[in-house]
Amino acid sequence: MFELARLAGIARSSDPFVFSLVKHMNCVYICFFQMPKKEESEKSVTKKKTKEEIEAARTLKRKLKEEEEQQRWWEEEKYEAGIKWKFLEHKGPYFPPEYNPLPENLNFYYNGEKLKLGLRAEEVALYFAQMLDHEYTTREVFRNNFFKDWRKEMTLEERMLITDLEKCDFGEYHNFHKQKVEERKNRTKEEKQVLKEANQKITDEYGFCMLDHHRERIGNFKIEPPGLFRGRGDHPKQGLLKKRIRPEDVIINCSKESHVPEPPAGHQWKEVRHDNTVTWLASWTDNVQGATKYVMLNANSKLKGEKDWEKYEVARQLKSRVDGIRAQYKDDLKSKQMGTRQRAVALYFIDKLALRAGNEKEEGETADTVGCCSLRVEHIMLHDSLDGEKCVVEFDFLGKDCIRYYNKVPVTKRVFKNLKLFMENKQPGDDLFDRLNTGMLNKHLSSLMPGLTAKVFRTYNASITLQQQLKELSNALLNQAEKLLSYNRANRAVAILCNHQRAPPKSFEQSMANLQAKIEGRKEQLTLAKAELKKAKKEAKGNSDTKLQFVVEKKKKAMQRCEEQLLKMEVQATDREENKEIALSTSKLNYLDPRISVAWCKNMEVQLDKIYNKTQRDKFAWAIHMTEKDFEF
DNA sequence: GCATTTACTTAGAATCATGTCT
DNA sequence: AGACATGATTCTAAGTAAATGC
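Positions 1 to 633 (the UniProt record's numbering) are the ones given, in order, by the first sequence.
Written out as structure tokens, the structure is:
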């Protein structure tokens with residue numbers, strides 16, 4: 001603690017100081033009080049600090065403050081059901097800057113003719129021009145949607161004239177944008193510093209709120225800037241104009257007795273309400289989807305953390321009841337009720353394959369994706385036998401975010417027979433489970449166990465898989481790199497189960513080749529080191545000269561170091577290769593009970609920051625604090 | 001009962017910052 | 001010291017599930 005204070009520039013090791021322990025809300029704070037310094041010592045010790053040092057001290061001070069503010073909310077008492085807070089105060093959301101018109105000399109051309117666009121048409125045209133390098137702008141749906149909405153922003157004259165997107169030339173706008181990006185990249189250190197400080201100021205003012213007695217970080221305090229809607233996959237609304245949000249669109253939620261945030265000058269909020277049964281601080285309706293967007297707290301907050309903890313506790317409860325539940329749905333496969341059988345098969349998939357529930361969606365409003373309950377006949381193929389296995393179901397469908405789920409799974413005879421039955425006399429586009437939806441499924445699940453829903457199975461199966469895999473893949477005898485590889489592999493098993501994919505990084509091939517080259521280089525070095533060692537040994541043999549023995553020892557150490565480094569790189573290469581198209585972060589952040597990882601680190605003597613970065617450690621502070629070696633999920 | 005609305009979690013891509021190498 | 005790669009952070013879309021409205 002003193003060390004931190006010293007680094008922060010608020011204390012020097014030569015400074016006299018006192019500290020006291022302050023207990024507040026079950027949390028012990030250490031408070032420093034610096035004693036007044038004497039004049040002479042001041043002069044002799046003081047060295048002119050450079051700008052950087054001052055800045056570094058400042059950020060450290062801030063960090064210190066944040067750490068002190070970190071509350072052990074998990075040791076506090078909980079409110080009655082449904083109440084999320086008793087006091088909430090904040091500054092309202094931060095609005096993006098107004099549109100800045102393009103320089104006069106920039107031109108837009110229609111059909112080869114120069115054309116000066118009005119401000120509104122220009123702004124929306126620029127949104128499109130900025131995206132020209134993106135594949136989006138070549139898609140028919142995107143172009144049509146953009147053009148339709150763009151024309152709405154035009155003056156009558158503009159609209160009369162501009163009737164064909166193909167005849168539009170946004171070239172100068174596009175180049176202007178590219179130039180801006182370039183300039184941004186080439187900013188000097190000083191410019192970057194100025195911008196950083198300005199940003200920090202905004203975060204300091206708008207990025208925090210007071211929730212009960214705690215100062216909490218807000219997750220998304222910035223209003224989403226206007227632009228063109230970028231839906232995922234084959235989204236029917238891609239390219240539509242996402243309009244600028246004004247204070248008049250925003251609902252503020254805060255305490256009655258708090259200082260209500262001021263709307264930007266000349267504006268008013270849509271509404272100010274005081275609803276302490278919800279966690280959001282502000283909300284607005286998005287014009288593209290008609291969905292409500294919320295300003296909420298950061299993941300390290302009490303409200304989010306408590307919910308997260310609760311989620312894993314429910315999943316752990318499932319662990320102790322899952323055998324009975326499985327027996328039940330296996331039994332239900334034989335039910336006389338078609339609905340019950342469909343429910344049983346759906347549950348079998350959700351449990352075995354960690355599929356999502358699959359709510360129904362409004363047709364034409366979103367991309368065509370499905371989950372378990374919304375699977376259609378066309379999404380599965382039945383094989384009586386395939387690759388030497390019997391009763392194989394071949395899945396091929398687009399799930400959340402249009403990520404393809406492709407899997408060939410052997411199932412029990414009874415499940416297989418049921419699927420055949422469900423598919424009888426149906427068209428490819430018909431629902432596989434026509435007598436089932438997520439509401440019915442969840443209602444049934446909650447009758448089996450309080451709090452049980454379809455997604456609890458995903459959480460449970462993910463966490464239990466991590467725990468099992470860690471047990472299987474790692475042991476205390478492995479070296480550090482191997483331990484981490486085993487952790488990543490356990491994590492990877494979960495990511496594969498949950499179908500968390502990513503586009504391979506752009507530079508993947510290159511970086512793989514680079515690493516491979518490094519490995520080759522190291523290998524040669526190792527051969528050399530081995531030869532030298534051999535030589536040294538030979539020379540030292542039968543010779544009691546301590547100098548020669550010393551040389552042998554030195555060569556041996558060099559060889560070993562080389563070997564270690566080689567191994568580390570090889571492990572890294574393996575890890576990277578296996579991870580090419582798999583995203584680990586989603587499962588790490590949302591599905592894996594952090595207590596499993598914390599306990600594993602303790603048992604394996606692996607530093608926690610090897611598996612969780614700072615943000616993740618903040619998010620999982622509750623787990624880090626409460627988890628012992630013997631934790632079992 | 002259902003469709004709709006609301007509130008919240010989960011998701012991958014894009015962007016930004018930092019560390020490493022030359 | 002600049003280029004580049006990598007990891008961290010930001011962004012906001014897209015899910016789940018419960019409440020509400022009719």
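Using N, Cα and C, we set each Cβ at its ideal position, and we do this for glycine too.
Start-to-end residues for the alpha helix (DSSP H) that takes in residue i
i: SER585; result: 585-590
i: ILE596; result: 594-604
i: TYR206; result: 189-206
i: SER374; result: Per DSSP, SER374 belongs to no alpha helix (DSSP H) and is neither H nor E.
i: TRP284; result: Per DSSP, TRP284 belongs to no alpha helix (DSSP H); it is in the beta strand (DSSP E), 282-285.
i: GLU472; result: 454-473
i: SER446; result: 438-448
i: ARG244; result: No alpha helix (DSSP H) contains ARG244, which DSSP labels as neither H nor E.
i: VAL278; result: Premise fails: VAL278 is in no alpha helix (DSSP H) and is neither H nor E.
Cβ separation of residue i and residue j, assumed to be a contact under 8 Å, to the nearest whole Å
i: LYS455; j: ALA357; result: 6 Å
i: SER587; j: ALA462; result: 6 Å
i: HIS500; j: ALA583; result: 5 Å
i: SER301; j: ARG217; result: 7 Å
i: ILE371; j: LEU347; result: The sequence given here places Gly at residue 371; Ile does not occur at that position. Going by Cβ atoms, the distance from GLY371 to LEU347 rounds to 13 Å, so no, they are not a contact pair.
i: PRO264; j: PRO247; result: 6 Å
i: TYR591; j: ARG458; result: 7 Å
i: PHE108; j: ALA125; result: 6 Å
i: THR627; j: ALA599; result: 5 Å
i: ILE464; j: PHE633; result: 6 Å
i: LEU353; j: ASN437; result: Going by Cβ atoms, the distance from LEU353 to ASN437 rounds to 19 Å, so no, they are not a contact pair.
i: LEU533; j: LYS555; result: 4 Å
Residue i - DSSP class collapsed to helix/strand/coil
i: GLN501; result: strand
i: ALA354; result: coil
i: ASP545; result: coil
i: CYS168; result: strand
i: LYS307; result: helix
i: GLY521; result: helix
i: SER385; result: strand
i: PHE620; result: coil
i: CYS254; result: coil
i: HIS625; result: helix
i: ASN613; result: coil
i: MET131; result: coil
i: LYS48; result: Reliability of the predicted coordinates at LYS48 is poor, the pLDDT of 42 falling under 50, and no value is obtained from them.
i: LYS37; result: Only weak support is given to the placement of LYS37: the predicted model assigns it a pLDDT of 32, under 50, and the value that follows is read from those uncertain coordinates. Looking at LYS37 - three-state DSSP - the assignment turns out to be coil, as it is neither helix nor strand.
i: ASN26; result: Annotation note: pLDDT 35 at ASN26 (below 50); position unreliable, coordinate value reported separately. It is coil, neither helix nor strand.
i: ASP431; result: strand
i: TYR487; result: helix
i: TYR312; result: helix
i: LYS222; result: strand
i: ILE582; result: strand
i: LEU478; result: coil
DSSP bridge partner residues for residue i (one or two, in chain order)
i: PHE108; result: LEU115
i: ARG217; result: PHE208
i: VAL393; result: LEU382 and VAL409
i: LEU228; result: LEU241
i: GLU89; result: MET210
i: ALA398; result: The sequence as given places Leu at residue 398; Ala does not occur at that position. For LEU398, which the question treats as bridged, DSSP gives the partners ARG404.
C-beta contact flag for residue i and residue j at 9 Å
i: LEU333; j: ASN418; result: yes
i: LEU432; j: LEU375; result: yes
i: ASP308; j: ALA299; result: yes
i: ARG492; j: ASN425; result: no
i: VAL322; j: GLY92; result: no
i: PRO594; j: ALA623; result: yes
i: PHE229; j: VAL272; result: no
i: LEU497; j: SER486; result: no
i: MET569; j: LYS518; result: yes
i: GLN480; j: LYS610; result: yes
i: SER335; j: HIS90; result: no
i: PRO261; j: VAL141; result: no
i: TYR110; j: ILE162; result: yes
Enclosing beta strand (DSSP E) for residue i [first to last residue]
i: HIS259; result: Unbroken run through HIS259: none, as it is neither H nor E.
i: ASN407; result: 404-410
i: ASN144; result: Careful: ASN144 lies outside any beta strand (DSSP E), inside the alpha helix (DSSP H) at 140-152.
i: LYS293; result: 292-295
i: GLU271; result: 271-273
i: ARG159; result: First-last for ARG159: 156-161, but that is the alpha helix (DSSP H), not the beta strand (DSSP E).
i: HIS213; result: Where HIS213 is concerned, there is no enclosing beta strand (DSSP E), given that its DSSP letter is neither H nor E.
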